[in-house]
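What follows is a single structure, written as structure tokens, with notes after it.
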């Protein structure tokens, strides 16, 4: 599935190649209102250090080279702009030995207020 395409005319600084790829998401609410759940509404590892099934997943992430070849990212360091581990979590779920490929898990119950 192709998610999006942006013509080169919009990004002249990327005429030859990109030096990094970034993806993300957000959950927001009006000021002083509880934030909504994210993903499945459950954090990854909700049931312990090895239970990732409860969280939402983005899987089989691939990039496309300038020669139109697909490949998995070399590395991934998950981060959160505003860490609120009590509301949301994201984790690197990379394990090249399974059928899900390059992936990460995320989610949370929400309920935080600003």
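Residue numbers (full-length UniProt numbering): 1 to 114. Don't be surprised by glycine CBs; every beta carbon is placed ideally from N, CA and C.
Excluding residues up to 5 positions away in sequence, 54, 55, 56 and 107 lie with their Cβ nearer than 7 Å to the Cβ of residue 40 in the same chain.
Comparing alpha-carbon positions, the option among 9, 22 and 62 lying closest to residue 102 turns out to be 62. Counted as a single uninterrupted DSSP element, the beta strand (DSSP E) harbouring residue 106 occupies residues 104-107. Distance from the Cα of residue 91 is smallest, within the candidate group 99, 79 and 100, for 79. Apart from the 5 residues on each side of it in sequence, residue 104 sits with its Cβ closer than 7 Å to the Cβ of 58, 76, 78, 90, 91, 92 and 93 in its chain, given in chain order.
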